[in-house]
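The block underneath contains the structure these notes are about, expressed in structure tokens.
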Amino acid sequence: MAKETTISLTLDGIPLTAYPGQTLAAVLMSNGIRSWRTTRFEYQPRGVLCGIGVCFDCLITLNGMPNVRACTTEASNGDELNSQLGTGHGHFE
Amino acid sequence: MATSNKPVDVAVIGSGPAGMAAAVVAGESGASVLLIDASGRAGGQFYRRPTNPLVPVAGRSLHKWALFDDLEVRAENLSRHGMLTTMRSTMVWSAEGTGPFQIQTRTNSRPPERLETVVATTLVIATGAFDRHLPFPGWELPGVMSCGAVQALVKGSGVLPGQRILVAGTGPILLAVAATVLEAGGSVAAVVEANSPERLLVRAHRLTGALDKSPDLARYIALLARHRVPYLRRHRVIAAQGKGQLDFVEVAKVDRDWHQTSEDSRVITCDVLAIGFGFTASTELLVQLNAEMCVSGDGGLAVNVDSHQGTSVVGVFACGETTGVGGADLALAEGMIAGASAAQKLGLASRLGRRELEVAKRRVRRLRNVADAFSSTFATHNGWTDQVGDNTTICRCEEVRAGTIRNAVDHLGAVDVRSVKLTTRAGMGWCQGRVCSYAINLMCSRKAVPTPEGQRDALLAAERRPMTAPVTLGTLAQHFAPGVEPPDC
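Quick mapping for you: the protein sequence lines, in order, are chains A and B. Counted the way our numbering counts, the first sequence spans residues 346 to 438. Counted the way our numbering counts, the second sequence spans residues 6 to 494.
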């Protein structure tokens, strides 16, 4: 089935392609990426758990803004994603 | 301060099957309706579709889709006539008052978040549910996700989360997820069911209302058979393993109480483990409104409603999973009744006639019986803690391990979710205990089995959240004290 033109975004500088309307989590997973965050205390890797906006495990830094839920946020062309370390406020620490 | 001063007649929160049915019936009865939903498109979890209609959809063959399509057409018609306004990608973070009700909303799309206050004469709460979890070693590994996550990724974005997906836990949701994956062209390693589904037959006398569910179940089972997917009943995941992400899962045979029956376990290789142990209803808005709550047949918190879907708060109606988890069919029936009741409360003649209402009410009673039979067949059992060592993570947000919680219960006098939270920080993080509360509550009740009232109060204390969605202090300040500049820091 034909889909709309693809859009382009990046994770830590690596190019990703997506279809408009897909969530950030879906884009990452369709590119084979299962984890994009580490926890605040033990720096353990995390990815999607609930997938519907409840658990906040899939947090990601979107265009410089940390703590965005990848599972409920739709991808836009040109989005710059960054893996989130801890609180995501590294520059304050 | 962005506030719409003119109250709407009915604010419906949630546009899954329950909310959508309520909004349409109330609107067609002549009420002005505001429909608020966290998602970019109506449907809730069951009827989730991509916001981009060009992304291919799996699971469209479900016979019930026609019912929701019909509601959407009627909703669009109401919108054209100015009777229905929809706020999409919007979360309600607070509801208060005794009528009219003040509803605080925030946008649920990409930042920056925006707030809006709306006022409504009556409320219909149809906020649905999310997957319930029971921790096991390795459940925090990337690749382990809820059944709902797999459904959302496939139904909403047309993306399979992995190459080989193992589905485990308990309940008919496991079959639904396996079917979604297979229909989307994916591979299911196995379906691992901890209970004995054949025990449903013992409760057959309560299942006459399930007849309209059976085409779905029959289709799921046929699909699994065609793809030769192994179905392991009375088996449970005892650990997930992998380096940095999920590589394989250990599965063992268990008895009726979910205790492992032998030392043997089998290893199943997979890159995704979809888990589901039933559902937790999102009832915090009802708790904020001080509606009378109860413990539902599945052991979760639910709101008490009368046969008109009215809660103990005059002017507040509830339908769908908030009244006790029961699935999309029950939600549709309850939604219609709630919509009619809200209209009647406003002095309008309900679009549904007395006869239609009676039919819907009978359907609710029948489907509630079915839900109860499913709840008892697919209940969770004590054995789940057997493999939960002191090192197993329970609260994922604050990274609190089982040993810390056990210590709080055994030595620090913690007796319920709330006191565990105060002594260990479990449940204090981003998710506000939505993921771990059920498990912690079970860990507490092991020492002293609470009375039914005690059980309700423990669940209620955990569900009391002053804000049901996070909002930054900066956004709050801008909304409620505009023009006041924050100090430099």
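A virtual CB, placed ideally from N, CA and C, is assigned to each residue, including glycine.
Applying a beta-carbon distance threshold of less than 7 Å, which residues of chain E neighbour residue i?
i: A:Y364; result: Looking for chain E here will not work: the only protein chains present are A and B.
May I ask which residues mark the beginning and end of the beta strand (DSSP E) holding residue i?
i: A:P360; result: I359 to A363
i: B:T103; result: First-last for B:T103: undefined, no H or E at that position.
i: B:R241; result: H240 to Q246
i: B:R169; result: R169 to T175
i: B:F253; result: F253 to K258
i: B:V308; result: L306 to V308
i: B:M298; result: M298 to V300
i: A:A442; result: Because chain A is modelled from 346 through 438, residue 442 of chain A falls outside the range shown and cannot be assessed.
i: B:V196; result: S192 to E198
i: B:T2; result: Lying outside 6 to 494, the shown extent of chain B, residue 2 of chain B is not represented and no answer is given.
Provide the residue(s) that pair with residue i in DSSP beta bridges, ordered along the chain.
i: A:L354; result: A:L361
i: A:P390; result: A:T383
i: A:N427; result: A:T406
i: B:I130; result: B:I18 and B:A323
i: B:S151; result: B:I280
i: B:I399; result: B:I399 pairs with nothing; no bridge assigned.
i: B:L2; result: Past the edges of chain B, shown from 6 to 494, lies residue 2 of chain B, and the structure says nothing about it.
i: B:G315; result: B:F322
i: B:I273; result: B:V254
i: B:T95; result: B:T112
i: B:F141; result: None; B:F141 has no bridge partner.
i: B:R406; result: B:T398
i: A:E419; result: A:T368
i: B:R231; result: None; B:R231 has no bridge partner.
i: B:V38; result: B:V15 and B:L89
i: B:A2; result: Past the edges of chain B, shown from 6 to 494, lies residue 2 of chain B, and the structure says nothing about it.
i: A:R414; result: A:L404
i: B:R125; result: Residue 125 of chain B is actually Ala in this sequence, not Arg. According to DSSP, B:A125 bridges with B:V13 and B:F106.
Residue range of the alpha helix (DSSP H) that residue i falls in?
i: B:N446; result: S442 to S450
i: B:R46; result: First-last for B:R46: undefined, no H or E at that position.
i: B:T382; result: R359 to T382
i: B:E118; result: Segment: none, B:E118 is in no alpha helix (DSSP H) and carries neither H nor E.
i: B:L335; result: A333 to K350
i: B:A467; result: P457 to E468
i: B:T480; result: L478 to F485
i: B:V454; result: Neither: B:V454 is in no alpha helix (DSSP H) and is coded neither H nor E.
i: B:N387; result: Here B:N387 belongs to no alpha helix (DSSP H), and DSSP marks it neither H nor E.
i: B:A80; result: W70 to R85
i: B:T429; result: V422 to T429
i: B:L290; result: E289 to Q293
Any heavy atom of the ligand SAH within a distance shorter than 7 Å of the CB on residue i?
i: B:V182; result: With respect to the ligand SAH, the structure offers nothing, as it holds no ligand at all.
Quick one, which residues of the stretch 228-255 of chain B are near chain A if we go by CB-CB under 8 Å, in chain order? Within the stretch 228-255 of chain B, the residues whose Cβ lies closer than 8 Å to any Cβ of chain A are, in chain order, G249, Q250 and L251.
Taking Cβ-Cβ distances below 7 Å as the criterion, which residues of the stretch 97-109 of chain B are in contact with chain A? Per Cβ criterion, the list is empty.
Short of 7 Å Cβ to Cβ, which residues in the stretch 375-401 of chain A face chain B? Here the close residues are S375, R379, S380, T384, F386, E387, Q389, P390, R391, G392, V393, L394, C395, G396, I397, G398, V399, C400 and F401.
Are three or more beta carbon pairs between the stretch 288-298 of chain B and the stretch 411-423 of chain B nearer than 8 Å? By the Cβ rule, the stretch 288-298 of chain B does not count as touching the stretch 411-423 of chain B, because fewer than three pairs are nearer than 8 Å.
Report yes or no: do three or more beta-carbon pairs, one from the stretch 326-333 of chain B and one from the stretch 102-113 of chain B, lie closer than 8 Å? No, because fewer than three Cβ pairs between the stretch 326-333 of chain B and the stretch 102-113 of chain B fall closer than 8 Å, the two stretches do not touch.
Select from the stretch 424-444 of chain B all residues with a C-beta closer than 8 Å to any C-beta belonging to chain A, and list them in chain order. Flagged, chain order: G434, W435, C436, R439 and V440.
Which of the residues in the stretch 254-281 of chain B, read from start to end, lie with their CB under 9 Å from any CB of chain A? Closer than 9 Å at the C-beta level to chain A, one finds these residues of the stretch 254-281 of chain B: D276 and V277.
Name, going along the chain, the residues of the stretch 143-154 of chain B whose beta-carbon falls closer than 7 Å to a beta-carbon of chain A. Of all residues in the stretch 143-154 of chain B, only E145, P147, G148, M150, S151, G153 and A154 place a beta-carbon less than 7 Å from a beta-carbon of chain A.
Within the chosen definition, does the stretch 52-61 of chain B reach the stretch 353-373 of chain B through at least 3 CB pairs nearer than 8 Å? Contact annotation: the stretch 52-61 of chain B does not touch the stretch 353-373 of chain B, with fewer than three C-beta pairs closer than 8 Å.
The stretch 40-56 of chain B: positions lying closer than 7 Å to chain A by Cβ: Correct list: A43, G45, Q50, P55 and T56.
Along the stretch 444-474 of chain B, what residues have a CB closer than 8 Å to any CB found in chain A? Residues of the stretch 444-474 of chain B that bring their beta carbon within less than 8 Å of a beta carbon in chain A are absent altogether.
Chain A contacts made by the stretch 387-405 of chain B, where a contact means CB separation under 9 Å: Those residues of the stretch 387-405 of chain B that come within reach of chain A (Cβ to Cβ, closer than 9 Å) are T398, R401, C402, E403 and E404.
Name the residues in the stretch 125-142 of chain B whose C-beta lies less than 7 Å from a C-beta of chain A; which are they? Listed by position along the chain: F135 and D136.
Closer than 8 Å between beta carbons: that is the criterion. Which residues of the stretch 415-430 of chain A meet it against chain B? For the stretch 415-430 of chain A, residues whose beta-carbon sits nearer than 8 Å to a beta-carbon of chain B comprise C416, T417, T418, E419 and S421.
Quick check: the stretch 271-285 of chain B against the stretch 74-93 of chain B, are there 3 or more CB pairs under 8 Å? Counting Cβ pairs under 8 Å, fewer than three are found: no touch.
The stretch 24-31 of chain B in contact with the stretch 344-360 of chain B per 3-pair CB rule at 8 Å: By the Cβ test, the stretch 24-31 of chain B is in contact with the stretch 344-360 of chain B, since at least three Cβ pairs between them sit closer than 8 Å.
Sufficient close CB pairs (3 or more, under 8 Å) joining the stretch 434-448 of chain B to the stretch 128-138 of chain B: Verdict: yes, contact present.
Taking 8 Å as the threshold, find out whether the stretch 171-180 of chain B comes into contact with the stretch 151-160 of chain B through three or more Cβ pairs. Yes, the stretch 171-180 of chain B touches the stretch 151-160 of chain B.
Evaluate contact between the stretch 245-258 of chain B and the stretch 400-411 of chain B, counting only Cβ atoms and requiring at least three cross-stretch pairs below 8 Å. With a cut-off of 8 Å, the stretch 400-411 of chain B and the stretch 245-258 of chain B do not count as touching, because too few Cβ pairs lie within range.
Count Cβ pairs between the stretch 354-362 of chain B and the stretch 41-48 of chain B that sit closer than 8 Å; are there 3 or more? By the C-beta criterion, the stretch 354-362 of chain B is judged not to be in contact with the stretch 41-48 of chain B, since fewer than 3 inter-stretch pairs fall below 8 Å.
Please determine if the stretch 304-315 of chain B and the stretch 415-427 of chain A are in contact, where contact requires at least 3 C-beta pairs separated by less than 8 Å. With the rule of 3 Cβ pairs closer than 8 Å, the stretch 304-315 of chain B does not count as touching the stretch 415-427 of chain A.
Below 8 Å, how does it come out for the stretch 250-261 of chain B and the stretch 234-242 of chain B: are there three or more Cβ pairs, yes or no? Yes: at least three Cβ pairs fall under 8 Å.
Sufficient close CB pairs (3 or more, under 8 Å) joining the stretch 350-370 of chain A to the stretch 157-168 of chain B: Using a C-beta cut-off of 8 Å, the stretch 350-370 of chain A makes contact with the stretch 157-168 of chain B, since at least three inter-stretch Cβ pairs fall below that distance.
When Cβ atoms are compared, which residues of the stretch 15-37 of chain B fall closer than 9 Å to chain A? Going along the stretch 15-37 of chain B in chain order, one finds no residue with a Cβ nearer than 9 Å to chain A.
Decide yes or no for the touch test of the stretch 388-401 of chain A against the stretch 192-208 of chain B: beta carbon pairs closer than 8 Å, at least 3 of them. By the Cβ test, the stretch 388-401 of chain A is not in contact with the stretch 192-208 of chain B, since fewer than three Cβ pairs between them sit closer than 8 Å.
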